[in-house]
Every structure is written in C-alpha cells, then in structure tokens.
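K.L.:
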C-alpha cells in the first residue's frame, strides 16, 4: 500500500505497540491481522499528514485514502495458497536486480538478520546494510508498485523466490551464529514453502530440483550433530540416522528432473546430494560422478564457491595436493569454509604450521559455536604435531 518499506515497518511497529497496549484490556479482535493492517494504515496516513513535505506525498496519500475507503482489501489473483509465499512473490519484484530483491525479501520475510544475509552473499555487514537501504529507496523513489502478481508474472519472479527459499534453508542448516549448528524452524519453513511451490508450479524443473535438494540435505540433518551438539562431518556420520523416507522422496524428484532434461543449478545440486545418499558408507561414494556433476554445475553457475566444493570432491580422487592447487587459485577471503577447506587439505599433506594458520583464518570468520568448537579442536590437533 505504502510503497515505502521504512514507513511501512514503522507503521506496523506502531500498530503492534497499540495492540500490546489495548488488547489485554479490550480483548483480542475477531480478526487480529485485519486490525493490525487497518491500524498500521491509519498510523501511516497520520504520519504523512504531519510531514512538512506533504505536497510530495499527495499521490501516496490519495492511494491510502482510497484503500481506506475500500477497507484496504485487494483481490488476490495469484492463486498462491499461502500468505507468506504470496508475499515472497510480491517482494521479489523484477524492478530490483536479483541480489537486491533476494536480500530485501530475506530481511523482510525470511527471518534473517542483515548480518546473516551478508554472510549468505559473502559481503561485509555494512555493505549489505547499504544495499538494503538503496533497495528500499529505489522502491520509494521510483514508485515501484508492490502488488501480488497474477499467475502470468510468477515465472519471471521465480528465480528470486527460489533463491530466497534456498538461502533460508542454508541459514537453518548451518546457522551463521549462535550456540546451535542447526535452526530447525528455518529448515522446516523453507521445506514447507518449497512443497507448496512445487504444487503450484509442478512443470518448473528447478522448483522440483530445489525441493529435492532441500529434502536430501534435510535427510542427513539428524546425523550432522553429535550427542553434545558437536558438528559431525559427512564422512563420519552414522548413516543409519539418515531419514530414508526423505531420501526416497528426494531421489524420486531427481529422477523426474532428469527425465525433463532441462538441467539447472538446483537440480544439479540435488543430483550431487542424491549420489551421496546412494552410498552406504563414505568409502562407497561415487566421487567421479560427483566431480562430473560439479563440472556441469560450474558450466551453469560458475562461482568460486562451486569451484571450492568441486575441489573437495577432487581431493577424494586425485589427492589433497591436486585439490589444494585448485583451492589456492580461488578468491574467497571472507568465506570461512574456504579457509577451513584449505586448512584440512594442508593438514592431510602434513603441512601443519600452514594448516594452523588457515584454521585461525577460518575461526576469525566463524561465529557459530559448534563450528568454532570443531575448528578449534582441529587446530589443536595440528598444533600438537609440532610441524
């Protein structure tokens, strides 16, 4: 309604404050959501009227008053059967570049902080903060209309929506900060929305690929954490704890994607996870197939993070020396997994002094307690070798 994120956020905060003040004595309204929306809209109108530059806001004020006379209801023509998913599609507006729309959606609807979003995009928190401010300003200054899109416009917004769900799940699967390795709430919500999206757009292979990827990753989650909350790496996991029903569902989706022969990044990542799921033990992993899939992934998503993950797979075939030569050529100075991967390869080569330095670099970029404990243990092990 407002087409101004800052004003909208402030108005909603004021509405919630009013609810906290009045509901305990008056009771909760029959429709709390409508009460909050109406109150927030009225607060916004009051604020606009008070502004000295009212003449610059006449159009917006007229729009608000029009909505007020209509009760603020706009017909949903999207066919999206979930409020949050509908809002995510609305927020992923193509007038913003992909990174900006994804970041803004994560901040507004995804439950992620600016610091967590910055970590997902491998940039500094102040940099991401400035990008979010610029995105909000563009929406306000350009008068970008934030309306629920009709079905015909959903495909153009799909890449942003998929990226939002993917990054929400990633933050849940490996929390960037806090005491616990995993945030169950984020993982569950990302999968829930991915399931709804797959039902809404069943002919989009990347939608099915994303759902398959999330399910296959989720299947390993119980085995990723030890009894005391410690991180357990994939080769050391108790595979009897993997959720076989999720694996079966994910692999079925991967096969469906393969039949369509329209590969994309999420489908290829899902296929990589399916190969891991096929292995009864770590030693039985088909590493050549995984490297081949990473080659395909690099062709469609040539990022240094993909190259780093490919190098990890190469190490299992050609050894840590070859993998290290691949890693050294990557520019990921702010990515803790780059430094921890490099540290592990150096450790395996017996270059323990260099490994300790690399572990220090990873620790300097890690705020999650479980990851820090793992890295500190590994660093102590290489430091104890005296080389």
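In this note's numbering, the protein residues as written are 110 to 496.
Ideal Cβ placement from N, Cα and C applies to all residues, glycine included.
Given the structure is predicted, the values throughout are model-derived calculations rather than measurements.
#1: Cα-Cα, which of 405, 245 and 313 is closest to residue 201?
#2: Around the C-beta of residue 456, are 16 or more other C-beta atoms found within 10 angstroms, so that it is buried, or is it exposed?
#3: Kindly indicate which three-state DSSP category residue 188 falls into: helix, strand or coil?
#4: To the nearest angstrom, how far is it from the Cα of residue 473 to the Cα of residue 460?
#5: Extract the residue ranges of the alpha helix (DSSP H) inside the segment 227-281, only unbroken runs of 4 or more that lie entirely within it.
#6: Is there contact between the segment 377-390 and the segment 325-337, where contact requires at least three CB pairs shorter than 8 Å?
#7: Alpha carbon to alpha carbon, what distance is there between residue 392 and residue 399?
#8: How many angstroms separate the CA atom of residue 158 from the CA atom of residue 204?
#9: Would you list the residues sitting across from residue 476 in a DSSP beta bridge?
#10: Check the DSSP bridge columns for residue 334 and list the partner residues they point to.
#11: What's the call for residue 314, buried or exposed, on a 16-neighbour Cβ count within 10 Å?
#12: Along the chain, which unbroken stretches of the beta strand (DSSP E) at least 3 residues long are found entirely within the segment 300-327?
#13: Enumerate, from N- to C-terminal direction, the unbroken beta strand (DSSP E) stretches of 3 or more residues contained entirely within the segment 408-469.
#14: Indicate the three-state DSSP secondary structure (helix, strand or coil) for residue 219 in the structure shown.
#15: Evaluate residue 108 with the Cβ neighbour count: other Cβ atoms within 10 Å of its Cβ, from every protein chain shown; 16 or more gives buried, anything less gives exposed.
#16: Would you mind reading off the limits of the alpha helix (DSSP H) that contains residue 374?
#17: Considering just the uninterrupted stretch of the alpha helix (DSSP H) at residue 366, what are its terminal residues?
#18: Mind checking residue 426: buried by the 16 CB within 10 Å criterion, or exposed?
#19: For a test of the three-state rule: what should DSSP assign to residue 201, helix, strand or coil?
#20: Taking the beta carbon of residue 496 as the centre, do at least 16 other beta carbons fall within 10 Å, making it buried, or is it exposed?
#21: Does the Cβ of residue 450 have 16 or more other Cβ atoms within 10 Å, making it buried, or fewer, making it exposed?
#22: I need the straight-line Cα distance from residue 297 to residue 355, nearest angstrom please.
#23: Quick one: what does DSSP say residue 142 is sitting in, helix, strand or coil?
#24: Tell me the rounded alpha-carbon separation between residue 122 and residue 319.
#25: Please report the distance separating the alpha-carbon of residue 362 from that of residue 339.
#26: Within its chain, find whatever has a CB closer than 6 Å to the CB of residue 432; leave out the 5 residues flanking it on each side and keep chain order.
#27: Going by DSSP, what residue range makes up the alpha helix (DSSP H) through residue 160?
#28: Whole angstroms is fine: what's the gap from residue 290's alpha carbon to residue 155's?
#29: Between the alpha carbons of residue 216 and residue 227, how many angstroms are there, rounded?
#30: Smallest Cα separation from residue 82: which of 475, 491 and 254?
#31: Helix, strand or coil for residue 404 per DSSP?
#32: In or out: residue 316 buried (at least 16 other Cβ within 10 Å) or exposed?
#33: When the Cα of residue 249 is compared with those of 138, 469, 219 and 111, which residue comes out closest?
#34: Between residue 188 and residue 410, what straight-line distance do the alpha-carbon atoms span, to the nearest angstrom?
#35: In whole angstroms, what is the alpha-carbon distance linking residue 367 and residue 255?
P.N.:
For this structure:
#1: By one-based count along the chain shown, residue 201 stands at place 92. The candidate whose alpha carbon is nearest that of residue 201 is 245.
#2: The residue labelled residue 456 in the question sits at position 347 within the chain shown. Burial call: buried.
#3: The sequence position of residue 188 within the chain shown is 79, counting from 1. In the structure shown, residue 188 sits in coil (DSSP, three-state: anything other than H, G, I, E or B).
#4: Position 364 of the chain shown, counted from the first residue, corresponds to residue 473. Position 351 of the chain shown, counted from the first residue, corresponds to residue 460. Taking the straight line from one Cα to the other gives about 20 Å.
#5: 234-251
#6: Touching, per the Cβ criterion.
#7: Within the chain shown, the letter at position 290 stands for residue 399. Within the chain shown, the letter at position 283 stands for residue 392. Distance between the alpha carbons of residue 399 and residue 392 is about 14 Å.
#8: If you number the chain shown from 1, residue 158 lands on position 49. If you number the chain shown from 1, residue 204 lands on position 95. Annotation: residue 158 to residue 204 spans about 29 Å, alpha carbon to alpha carbon.
#9: For this step, residue 476 is matched to residue 367 along the chain shown. Answer by DSSP bridge pairing, in chain order: 286.
#10: Position 225 of the chain shown holds residue 334. Answer by DSSP bridge pairing, in chain order: 340.
#11: Position 205 of the chain shown, counting from 1, holds the residue named residue 314. Residue 314 should be labelled buried.
#12: none
#13: none
#14: Translated into the one-based positions of the chain shown, residue 219 becomes position 110. Three-state DSSP puts residue 219 in coil, outside helix and strand.
#15: Past the boundaries of the shown model lies residue 108; the chain is included only from 110 to 496, so the question cannot be answered.
#16: Taking the chain shown and counting its residues from 1, the one referred to as residue 374 is at position 265. Here the alpha helix (DSSP H) through residue 374 covers 374-387.
#17: Indexing the chain shown from 1 puts residue 366 at position 257. Per DSSP, residue 366 belongs to the alpha helix (DSSP H) from 353-369.
#18: As a first step, residue 426 is located in the chain shown; it is residue number 317 there, counting from the start. Looking at its Cβ environment, which holds fewer than 16 other Cβ atoms inside 10 Å, residue 426 is exposed.
#19: Numbered from 1 along the chain shown, position 92 holds the residue referred to as residue 201. If DSSP states are grouped into helix, strand and coil, residue 201 belongs with coil.
#20: Here the question's residue 496 lines up with position 387 in the chain shown. With a pLDDT of only 46 at residue 496, under the threshold of 50, the placement of this residue in the model should not be trusted, and no figure is reported.
#21: Within the chain shown, the letter at position 341 stands for residue 450. By the neighbour-count rule (16 or more Cβ atoms within 10 Å), residue 450 is buried.
#22: Taking the chain shown and counting its residues from 1, the one referred to as residue 297 is at position 188. Taking the chain shown and counting its residues from 1, the one referred to as residue 355 is at position 246. Taking the straight line joining both Cα atoms gives about 13 Å.
#23: Looking up residue 142 in the chain shown gives position 33. Helix at residue 142.
#24: On the chain shown, position 13 is the one that residue 122 refers to. On the chain shown, position 210 is the one that residue 319 refers to. Roughly 34 Å separates the two Cα atoms.
#25: Here residue 362 corresponds to residue number 253 of the chain shown, with the count starting at 1. Here residue 339 corresponds to residue number 230 of the chain shown, with the count starting at 1. Between residue 362 and residue 339, the C-alpha separation is close to 31 Å.
#26: On the chain shown, position 323 is the one that residue 432 refers to. Counting only Cβ-Cβ distances below 6 Å, and skipping sequence neighbours, we find 420, 423, 424 and 454.
#27: On the chain shown, position 51 is the one that residue 160 refers to. No residue range can be given for residue 160, since it is assigned to no alpha helix (DSSP H) and is classified by DSSP as neither H nor E.
#28: Position 181 of the chain shown, counted from the start, is the residue given in the question as residue 290. Position 46 of the chain shown, counted from the start, is the residue given in the question as residue 155. Approximately 45 Å, taken between the alpha carbons.
#29: Taking the first residue of the chain shown as 1, we reach residue 216 at position 107. Taking the first residue of the chain shown as 1, we reach residue 227 at position 118. In a straight line, the C-alpha of residue 216 is about 10 Å away from that of residue 227.
#30: The chain is shown from 110 up to 496; residue 82 falls before or after that span and cannot be answered.
#31: Position 295 of the chain shown, counted from the start, is the residue given in the question as residue 404. In the structure shown, residue 404 sits in a helix (DSSP, three-state: H, G or I).
#32: Residue 316 sits at position 207 when you count from the first residue of the chain shown. It is buried - the Cβ of residue 316 has at least 16 other Cβ atoms within 10 Å.
#33: On the chain shown, position 140 is the one that residue 249 refers to. Residue 111 is the option with its Cα nearest to residue 249.
#34: For the purposes of this step, residue 188 is taken as residue 79 along the chain shown, with counting starting at 1. For the purposes of this step, residue 410 is taken as residue 301 along the chain shown, with counting starting at 1. Rounded to the nearest angstrom, the two C-alpha atoms are 31 Å apart.
#35: Position 258 of the chain shown, counting from 1, holds the residue named residue 367. Position 146 of the chain shown, counting from 1, holds the residue named residue 255. The straight-line gap from Cα to Cα measures roughly 36 Å.
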